[in-house]
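Take 45 as the starting number for the sequence shown in the numbering used here and just add one per residue. Here is the structure we will look at.
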Amino acid sequence: MKRIAILGSTGSIGTQALDVVAANPNLFQVEVLSAHSNSALLIEQARKFTPNAVVVTDEARYATVKDALQGTPTKVLSGSSALDEVVQWETVDVVLGAIVGFAGLRSTLAAINAGKRIALANKETLVVAGELVMRLAAEKHAEIIPVDSEHSAIFQCLVGENPANVDKVILTASGGPFLGRKSNYLVNVKASHALQHPNWTMGAKITIDSATLMNKGLEMIEAKWLFGLKDEQIDVIVHPQSIIHSMVQFNDGSVKSQMGLPDMKLPIQYAMAYPQRIANPYKRLDFREQSKLTFEQADYKTFRNLALAREAMERAGNAPCVLNAANEVLVHAFLQNKVGFLEMSDMIEKTLNSVTFIEHPTLEDYQKSDAEAREYAQEYARKSQLSMY
Ligand code: NAD
Ligand code: MG
45 MKRIAILGST GSIGTQALDV VAANPNLFQV EVLSAHSNSA LLIEQARKFT PNAVVVTDEA
105 RYATVKDALQ GTPTKVLSGS SALDEVVQWE TVDVVLGAIV GFAGLRSTLA AINAGKRIAL
165 ANKETLVVAG ELVMRLAAEK HAEIIPVDSE HSAIFQCLVG ENPANVDKVI LTASGGPFLG
225 RKSNYLVNVK ASHALQHPNW TMGAKITIDS ATLMNKGLEM IEAKWLFGLK DEQIDVIVHP
285 QSIIHSMVQF NDGSVKSQMG LPDMKLPIQY AMAYPQRIAN PYKRLDFREQ SKLTFEQADY
345 KTFRNLALAR EAMERAGNAP CVLNAANEVL VHAFLQNKVG FLEMSDMIEK TLNSVTFIEH
405 PTLEDYQKSD AEAREYAQEY ARKSQLSMY
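The following block contains the structure:
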C-alpha cells in the first residue's frame with residue numbers, strides 16, 4: 045500500500061491520478077490532496093477519498109473548504125507553506141507533483157528535502173531549476189519518476205540499460221492543432237481554437253504550449269536534466285498519431301521506443317507504482333487500426349517557441365527560467381485574448397534578451413529572475429495591439 049500526496053488534485057493530471065487510485069484501492073491510499081482555487085472539486089474529492097489533510101493554497105478559499113469538511117477526519121490547511129509541511133510527513137510515501145507552472149517548484153524542493161519518491165508531472169520545475177533540483181535529489185536520495193508521457197517513455201526504454209550507451213533521445217511531438225499551418229494563418233488564431241488539441245485533453249496552459257510547440261521545448265529541457273544529457277543528444281520529431289511516446293537511440297544504432305494509445309493514466313500509474321506495473325482493462329493498441337505511423341521534421345521557423353526554448357537550453361544558467369516565466373505570463377494573456385499567437389514568441393524573445401544573465405543561479409537567483417522576467421513580459425503584453433481593447 046502506497047500513501048500518496050497529490051499536489052494539484054483538481055487539475056487534469058490530478059483527477060486522472062485519483063481515477064488510478066479509485067481503480068486500485070488495494071495499492072494506493074490518498075494521504076493529502078491540494079488545490080489552488082477550485083474549492084468545490086477539492087471538497088468533493090476529500091469527501092470521496094477521506095485524506096488525512098487537504099491544502100487549499102489560495103487562502104481566500106480556506107473558510108469555504110474548512111466549513112464544508114467540518115466533522116470529517118480531514119484536516120484543512122491553507123497557503124503554499126502548508127504544502128512544504130505536508131510533503132514531509134512520515135505518512136507520505138509518494139508525492140505526485142501535478143501543480144502547473146513555477147508555482148510547483150517550492151513544494152517539489154520540499155519533497156526532495158524530505159527524501160520522498162516524487163512522481164513529477166510539473167515539468168516547469170525542471171525547466172526552471174533542473175540543475176539544482178537534480179543535484180539536491182541525488183544528495184537526498186529522492187527518486188524522481190517522470191509522469192510526462194515522453195519522459196515516462198524514455199525512462200521505460202532505459203530500464204536495464206547503461207546510461208553511458210545512450211547516443212540520443214528522440215522526443216515525439218504531435219504537432220498540436222496547427223500542424224502544417226504557416227504564419228499568415230497563425231497570426232489570427234484565438235485561444236478557443238488553440239484549446240482544441242487533437243490527441244490529448246489537458247489543462248489550459250499545457251494545451252496552449254502544445255499549440256505553440258513550447259511544450260516540446262520545455263520537454264527538451266526537462267529531458268536534459270532528468271536523464272543527464274548534453275544538448276546535442278536531444279532530438280525532436282513530429283509524429284501526429286501520438287502512438288510512439290518517445291525513443292532512445294543507443295551507441296550500436298539500436299532504437300527502443302515505448303508505445304501505447306494516448307492516455308495519461310498510463311504514465312501516471314507507472315510513476316505511482318514504479319517499479320511495479322499495474323494491470324488494467326483499458327483499450328489496447330491494435331496495429332491493424334493504427335496502420336500508419338508517420339514522422340516529419342518540426343517547423344522551427346513557424347513555431348518559434350521551439351527554437352527559443354532550444355536557445356535558452358543552450359544558453360543555460362537562468363535562461364530557461366526566464367523563458368518559462370515569460371511563457372507563463374504570455375500564455376495567460378493569450379488565454380484572455382490580450383496578445384496574439386505569434387506575438388507570444390516575439391515577447392518571449394524580448395524578455396530573454398532583457399533579463400540579466402546569471403550563469404550559476406542559486407534558488408534566490410531563480411526566484412528573482414522569474415519575477416524580473418514576469419515584469420518584462422507583462423510590460424510587453426500591455427503594449428500589444430490586442431490589449432488596447
Ligand atoms: P491543470 O491546470 O489542469 O491543473 C493544475 C493544478 O495545479 C490544479 O489542481 C490547480 O489547483 C493547481 N494550481 C494551479 N496554480 C497553483 C498555484 N499557484 N499554487 C498551487 N497549486 C496551483 O494542469 P494539468 O494539465 O493537470 O498540468 C499539471 C502539470 O502537469 C503541468 O506542469 C503540465 O505541464 C504537466 N503535464 C500535464 C499533462 C496533461 O495531460 N494534463 C501531461 C504532461 C505533463
Ligand atoms: Mg508531454
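The C-beta atom is built at its ideal place from N, Cα and C for all residues, glycine as well.
- For residue 221 against residue 242, the beta-carbon gap comes to about 6 Å, under 8 Å, which counts as contact.
- In the structure shown, the three-state DSSP call for residue 394 is helix.
- The alpha-carbon separation between residue 165 and residue 250 amounts to approximately 11 Å.
- The C-alpha of residue 93 is placed about 12 Å away from the C-alpha of residue 61.
- Exposed is the label assigned to residue 329, since fewer than 16 other Cβ atoms lie within 10 Å of its Cβ.
- Looking at the DSSP output, residue 213 sits in a beta bridge with 278 and 292.
- Taking C-beta atoms as the reference points, residue 382 and residue 64 fail to come closer than 8 Å.
- Residue 368 is classed as buried because its beta carbon has at least 16 other beta carbons within 10 Å across all chains shown.
- Membership of residue 301 in the beta strand (DSSP E) is indicated by the continuous run 299 to 303.
- Assigned with DSSP and collapsed to three states, residue 333 falls in coil, not helix or strand.
- Our two residues, residue 290 and residue 205, have alpha carbons roughly 16 Å apart in a direct line.
- For residue 73, there is no enclosing alpha helix (DSSP H); the residue is part of the beta strand (DSSP E) that begins and ends at 72 to 79.
- Assignment of residue 189 by DSSP, reduced to helix, strand and coil, places it in the strand class.
- Within the same chain, and ignoring the five residues on either side of residue 82 in sequence, the residues whose Cβ sits closer than 6 Å to its Cβ are 54.
- Per DSSP, the unbroken alpha helix (DSSP H) holding residue 375 starts and ends at 363 to 379.
- Judged by DSSP in its simplified three-state form, residue 353 adopts helix.
- For residue 425, same chain residues with a beta-carbon under 7 Å away, outside a window of 5 residues either side, are 373, 374, 377, 382, 383, 391 and 431 in chain order.
- With a threshold of 7 Å, the Cβ atom of residue 413 does not count as near the ligand MG, since no heavy atom of the ligand is closer than that.
- Within 7 Å of the C-beta of residue 166 there is at least one heavy atom belonging to the ligand NAD.
- At a cut-off of 7 Å, the beta-carbon of residue 286 does not count as near the ligand MG: no heavy atom of the ligand is closer than that.
- In the structure shown, the three-state DSSP call for residue 113 is coil.
- At a threshold of 7 Å, residue 193 counts as near the ligand MG, since its beta carbon sits closer than that to one of the ligand's heavy atoms.
- Secondary structure of residue 249 (DSSP, three-state): helix.
- Counting along the chain, residue 418 sits inside the alpha helix (DSSP H) bounded by residues 407 to 426.
- Set against 7 Å, the gap from the CB of residue 129 to the closest heavy atom of the ligand MG is not smaller.
- Comparing alpha carbon positions, the residue from 101, 140, 103 and 86 closest to residue 118 is 86.
- Beta-carbon to beta-carbon, residue 283 and residue 338 are separated by about 7 Å, close enough to satisfy the 8 Å threshold.
- For residue 147, the closest of 79, 157 and 106 by C-alpha to C-alpha distance is 79.
- The stretch 310 to 317 makes contact with the stretch 192 to 201: 3 or more CB pairs, one atom from each, lie closer than 8 Å.
- For residue 164, the enclosing beta strand (DSSP E) has its first and last residue at 161 to 164.
- Remark: the C-beta of residue 263 is in contact range of the ligand MG, defined as less than 7 Å to any heavy atom.
- Here the C-alpha atom of residue 66 lies approximately 16 Å from the C-alpha atom of residue 315.
- As computed with DSSP, residue 287 is found in no beta bridge at all.
- According to the DSSP secondary-structure assignment, residue 98 is paired through a beta bridge with 77 and 120.
- Leaving aside the five residues that flank residue 266 on each side, the residues in its chain whose CB is nearer than 8 Å to its CB run, in chain order, 167, 170, 171, 174, 190, 192 and 195.
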